[in-house]
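Note that UniProt numbering has the sequence shown beginning at 1, numbered continuously upward.
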Amino acid sequence: MKLYRLLTEDDTSAFCHKVTDALNKGWELHGSPTYAFDAANGVMRCGQAVVKEVEGTYTPDIKLGAQ
Numbered sequence: 001m002k003l004y005r006l007l008t009e010d011d012t013s014a015f016c017h018k019v020t021d022a023l024n025k026g027w028e029l030h031g032s033p034t035y036a037f038d039a040a041n042g043v044m045r046c047g048q049a050v051v052k053e054v055e056g057t058y059t060p061d062i063k064l065g066a067q
């Protein structure tokens with residue numbers, strides 16, 4: 001099955017670390033990154049979709065971050 005996650009974080013090194021961690025766990029980049037102003041918190045936010053092929057059948061209770 002193919003899994004999908006959207007990683008988001010404030011525009012700090014934490015976002016880069018989150019994406020790097022996912023890549024090192026076998027996730028692949030999917031599409032272009034996003035960058036937007038979060039008016040509620042007054043910060044810029046980054047986003048990056050990632051996908052991964054794994055064995056099994058999808059169910060909504062799968063912990064995507066643990067894959």
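Every residue gets a Cβ at the ideal spot worked out from N, C-alpha and C, and that includes glycine.
In this text the structure is predicted, and so the values were computed from the model without any measurement.
Query	Result
What does DSSP give as the partner residue(s) for T20 in the beta ladder?	Paired residue(s): none; T20 is not in a bridge.
Could you tell me which whole beta strand (DSSP E) segments of length 3 or greater appear in the UniProt domain "DUF1737" (1–53)?	2–10, 28–38, 43–53
Taking R45 as the reference, give the member of K52, Y35, A39, E53 with the closest Cα.	Y35
In three-state terms, what does DSSP make of G65?	helix
Buried or exposed for A22, going by 16 or more other Cβ atoms inside 10 Å?	buried
Just checking my contact of G47 with L6 at CB under 8 Å: how many whole Å lie between their CB atoms?	6 Å
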